[in-house]
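The numbering used here applies: residue 12 is where the sequence shown begins, and numbers increase by one.
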Amino acid sequence: MKIKTIDIQYFRTSSLNMSCDGLKHVKSLPFLSIVQATRGFYEIGIGSAPPTTLKEMGTFIAPAYQMQHITHHTDPASGNMTAHWIFLDVVVNHQYRLDEIFRFPLVLPVEYESTLCTIIDTVTTQDSLCLKLAEIYRLIQILIDIGTPQEAEDDRNRLISSYVKQHLAERLSPAVLARELNVSIPTLFRIFRQNFDMTPANYVNNMRLMQAVGLLDTTDKSITEISKLAGFYDQPLFSRLFKHKYGVSPSEYRHDFRR
12 MKIKTIDIQY FRTSSLNMSC DGLKHVKSLP FLSIVQATRG FYEIGIGSAP PTTLKEMGTF
72 IAPAYQMQHI THHTDPASGN MTAHWIFLDV VVNHQYRLDE IFRFPLVLPV EYESTLCTII
132 DTVTTQDSLC LKLAEIYRLI QILIDIGTPQ EAEDDRNRLI SSYVKQHLAE RLSPAVLARE
192 LNVSIPTLFR IFRQNFDMTP ANYVNNMRLM QAVGLLDTTD KSITEISKLA GFYDQPLFSR
252 LFKHKYGVSP SEYRHDFRR
């Protein structure tokens with residue numbers, strides 16, 4: 012695919028400084044994550060793949076909407092772990108996410124580690140939006156250079172994903188989705204079984220939970236606000252589904268994430 016346009020829809024940098032060795036996170040996020048340990052190191056597994064152990068300054072790249080199994084390890088000498096990261100939502104040719112058309116290595120090649128550290132530091136500390144964006148485009152070029160081109164998902168899957176993401180805060184019943192896709196409800200269920208191996212309701216809830224994790228990671232909004240923004244108007248249901256998927260409650264997740 013010839014790349015004609017690259018649009019940065021969203022970006023955010025953040026960091027951590029913690030002293031809890033062995034802390035585990037299981038999560039999936041609605042954006043591409045590039046995460047670097049600057050002291051200590053990570054173990055990281057994506058989906059069902061076995062975990063990979065990184066070294067200090069090692070960086071992992073996690074595609075959007077895929078489950079991350081992360082273990083944090085402190086530096087033995089200092090007893091601390093520090094890390095920083097950048098979250099990206101980048102659209103190519105006005106229709107494809109960057110990680111839909113490129114498969115990235117789990118671990119950033121070592122020759123880019125120092126450059127990435129500089130990029131994240133600059134984006135974090137620079138006041139000028141133009142200079143921030145220049146650094147992000149520099150990072151995007153690195154990702155393209157190390158990525159392997161792949162076929163994007165078919166148009167129907169992309170239409171479903173795009174529609175659900177844009178309407179998460181609304182009532183997304185099977186009838187609404189069937190009407191949007193111009194299919195019958197039985198056909199809708201068959202499409203979801205064949206393409207996503209789950210029911211429409213489970214698919215929507217998974218997308219909402221990933222949106223909630225993203226908001227817990229990147230905002231200071233209350234759990235109640237996040238529940239509603241993600242489309243859950245029954246907060247106890249939200250908490251039950253969140254704990255079932257991620258193993259901790261939303262408040263416990265936020266506490267652990269910000270140690």
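Think of the CB as a built atom: it goes at the ideal place given N, C-alpha and C, for glycine as much as any other residue.
The structure displayed is predicted, hence computed values, not measured ones.
Quick check: the Cα distance between residue i and residue j, rounded to an integer number of angstroms?
i           : j           : result
residue 13  : residue 62  : 34 Å
residue 244 : residue 107 : 30 Å
residue 38  : residue 216 : 14 Å
residue 220 : residue 78  : 12 Å
residue 97  : residue 187 : 35 Å
residue 115 : residue 159 : 6 Å
residue 194 : residue 200 : 10 Å
residue 238 : residue 208 : 25 Å
residue 60  : residue 144 : 33 Å
residue 177 : residue 236 : 17 Å
residue 155 : residue 169 : 21 Å
residue 198 : residue 210 : 12 Å
residue 162 : residue 213 : 25 Å
residue 113 : residue 204 : 25 Å
residue 58  : residue 80  : 8 Å
residue 137 : residue 22  : 14 Å
residue 265 : residue 103 : 32 Å
residue 183 : residue 125 : 44 Å
residue 139 : residue 29  : 30 Å
residue 99  : residue 173 : 17 Å
Checking 8 Å against the spacing of the C-beta atoms, do residue i and residue j come in under that value?
i           : j           : result
residue 26  : residue 73  : no
residue 85  : residue 91  : yes
residue 24  : residue 134 : yes
residue 271 : residue 224 : Lying before the first or after the last residue shown, residue 271 is absent from the chain, which here runs from 12 to 270.
residue 142 : residue 45  : no
residue 157 : residue 120 : yes
residue 240 : residue 227 : no
Apart from the five residues on each side of it in sequence, which residues of its chain come closer than 8 Å, Cβ to Cβ, to residue i?
i           : result
residue 167 : 192, 202, 206
residue 251 : none
residue 258 : 37
residue 101 : 17, 18, 19, 20, 43, 108, 109, 151
residue 65  : 48, 52, 53, 54, 55, 71, 118
residue 34  : 82, 83, 267, 270
residue 105 : 16, 18
residue 262 : 234
residue 196 : 185, 186, 189
residue 232 : 226, 240
Below 7 Å CB to CB, which residues in the same chain sit around residue i once its five sequence neighbours on both sides are set aside?
i           : result
residue 123 : 153
residue 247 : none
residue 50  : 67, 86, 89, 91, 92, 93
residue 256 : 220
residue 254 : 260
residue 11  : Outside the modelled stretch of the chain, which goes from 12 to 270, sits residue 11, for which no answer is possible.
residue 222 : 41, 179, 241
May I ask you to list the residues that DSSP assigns as paired with residue i?
i           : result
residue 28  : 93
residue 43  : 99
residue 70  : 47
residue 112 : The partner list for residue 112 (beta bridge, DSSP) is empty, contrary to what the question assumes.
residue 235 : For residue 235, which the question treats as bridged, DSSP gives no partner whatsoever.
residue 54  : 64, 82
residue 36  : 81
Excluding the five sequence neighbours on either side, which residues of its own chain have a C-beta within less than 6 Å of the C-beta of residue i, listed in chain order?
i           : result
residue 242 : 179, 180, 219
residue 148 : none
residue 131 : 24, 95, 97
residue 146 : 130, 133, 134
residue 249 : 238, 243
Distance cutoff 8 Å, beta carbons only. Does residue i sit that close to anything in chain B?
i          : result
residue 57 : In the structure shown, chain B does not exist; there is a single protein chain.
**Request:** Would you mind listing the alpha helix (DSSP H) stretches within the region 185-227 that are 4+ residues and don't spill past its ends, in chain order?
**Result:** Runs of the alpha helix (DSSP H) inside the region 185-227: 185-192, 196-207.
**Item:** Every unbroken alpha helix (DSSP H) inside the region 124-190 [4 residues or more]
**Value:** 124-136, 140-157, 166-177, all fully within the region 124-190.
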